[in-house]
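Written below as C-alpha cells is the structure these notes are about.
Protein chains: 2
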Amino acid sequence: MQLHDHDHDLCLREALDRIQAVCHERGVKLTEVRRRILELIWTSHRAYGAYDLLDMLRAERGRVDPPTVYRALDFLLDQGFIHRVESLNAFIGCPLPDRSHSVQFFICDGCGTTLEAQDRGITQALERSAKAQGFQVEQKIVELRGRCAGCCTD
Amino acid sequence: MQLHDHDHDLCLREALDRIQAVCHERGVKLTEVRRRILELIWTSHRAYGAYDLLDMLRAERGRVDPPTVYRALDFLLDQGFIHRVESLNAFIGCPLPDRSHSVQFFICDGCGTTLEAQDRGITQALERSAKAQGFQVEQKIVELRGRCAGCCTD
DNA sequence: GAGGAAAATGTTATAATATAACCTTTGCGA
DNA sequence: TCGCAAAGGTTATATTATAACATTTTCCTC
Ligand SMILES: [Zn+2]
Ligand SMILES: [Zn+2]
Ligand SMILES: [Zn+2]
Ligand SMILES: [Zn+2]
C-alpha cells in the first residue's frame, strides 16, 4: 500500500463500509458517537491520542468528556476496528477489521504515518521463539519506529 | 535463563557490578539516587512503574518528587542499563548493558515476570520486512504478552 | 585553595493520559 | 407498556510524565 499518494477519501469510505457491514453481521451497533470517532481516527494514516479525538469532537459538538471518547475507543478496540499503538498512547484505524490478527506497525517519526503490516515471516519468528520457551502468547506488540521511505529521501 | 528458580541476589549483584564497571569506562557517574533506583528496579524480574519506584524511594527517604525518579530513569535509559516496557509504562533492568541492542520482551500477565530475549530470527525478520518497504528502523519495540511456562502449568 | 562552569539534584507546578462511580436516556423484546 | 440492558452523560479522581526555575555538588583551572 502506498500511503503517500492515494485517494484517501476512498480509503476512508471503504473502511467505513466494511465496518458498517461487519457491525451488521455481528449484531453490534455503530452508534453516532462511535461512528464519528472512527471517522476522526481515519482522518489520516497517523495515530491519534484520545485527547486529540476529544478536541476534534469538542470542536464540532461543544462539551464532550473523556469517558465518551474512551468508551467509544473501547468498543472499537473490542471489535478490532482500531488498534492501540502502545509506544504513542494513540489509536489508529485497522484496514482489515477481522478480529485480533497479528500485526506490525511501522511508525515514521518524520511524518507520523503509521503503516500496518502483516508479515508472515515476523509472526512466525515470534511464534517460534515463544514456543521454544513454552510461552503462551496472547498478544503480539510489534512497533518499529524510524523513517518511512518518503521521509528518508526528503 | 531460568527466572523462576535462580539466585536472584547473585543476579542483582552481577548486574550492578557490570554496570559499575561500564560507568567507569564511559566516565559517567552512577550517583546515589541513580544507583538506588537501579537496585530497586532489579528487585525482581518484573517491570516497575516510575511511581512504584517513587513510593519505594519515599519509604526509605521521606520526601521525593517525581522528577528525581524520572531523571534517574532517563540516565539509566540513555546508558542502556534499563529498558522501558511500552505496553506497561514501566521499566526493567537490562542484563546486558551494552548500549542499544534489539530485544524482545516476553511479559507474563500471570506473574508479571518480564523476560528479555535477543532472538536473531526475530530481529532478522523485522529487518527484512523494513528493508522491503524502504523503512529505516531506529527502534524495534517487541512485546509479547501472555503466560510464561511457569504460569501455564499452574 | 578560590573561582567558576557544568552536572546533578531539589522544588513547585502543571500537562497528558486514563478510569471509577453513579446517574439518565435510549432501544427493544416480553 | 413494562422493564431490562445497552449506551451515553456527568463528576471526580487516578496515573503517568514534564516544564521551569532554584540550589547544591562536582571538579577543572588558575
Ligand atoms: Zn488512506
Ligand atoms: Zn514519513
Ligand atoms: Zn534474577
Ligand atoms: Zn508467569
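Chains C and B, in that order, give the protein sequences.
With numbering that gives the first Met the number 0, the residue at position 91 of the first sequence is 90, and numbering never jumps.
With numbering that gives the first Met the number 0, the residue at position 31 of the second sequence is 30, and numbering never jumps.
Even for Gly, the Cβ is constructed at its ideal location relative to N, Cα and C.
Is the CB-CB distance between Cys93(B) and Gly79(B) below 8 Å? Contact: yes.
Output yes if chain B places a C-beta closer than 8 Å to the C-beta of Val136(C); else output no. yes
Where Leu125(C) meets chain B, residues with beta-carbon distance less than 7 Å: Ile121 and Leu143
Around ligand 1, Cβ to any heavy atom closer than 5 Å, ordered along the chain: His7(C) and Cys10(C)
For Gly109(C), the three-state DSSP class (helix, strand or coil): coil
Alpha-carbon spacing of Ile18(C) relative to Asp97(B), whole angstroms: One C-alpha to the other measures close to 46 Å.
So, is Glu137(C) buried or exposed, given that buried needs 16 or more other C-beta atoms within 10 angstroms? exposed
Output the distance between the C-alpha atoms of Tyr50(C) and Ile40(B), rounded to the nearest integer angstrom. So the two alpha carbons sit approximately 31 Å from each other.
If you draw a straight line from the alpha carbon of Phe90(C) to that of Val21(B), how long is it in whole angstroms? 39 Å
When you compare the CB of Lys139(C) with every CB in chain B, is at least one pair closer than 8 Å? yes
Counting contacts by CB-CB distance shorter than 8 Å, is Glu85(B) in contact with chain C? yes
So which residues of chain C does Ala148(B) contact, with C-beta pairs closer than 7 Å? Gln132, Gly133 and Phe134
Buried or exposed: which applies to Asp118(B), given that a residue is buried once 16 or more other Cβ atoms fall within 10 Å of its Cβ? buried
Is Cys147(B) near Phe134(C), with beta carbons less than 8 Å apart? Going by C-beta atoms, Cys147(B) is nearer than 8 Å to Phe134(C).
Would you list the residues sitting across from Val84(C) in a DSSP beta bridge? Ala89(C), per the DSSP bridge assignment.
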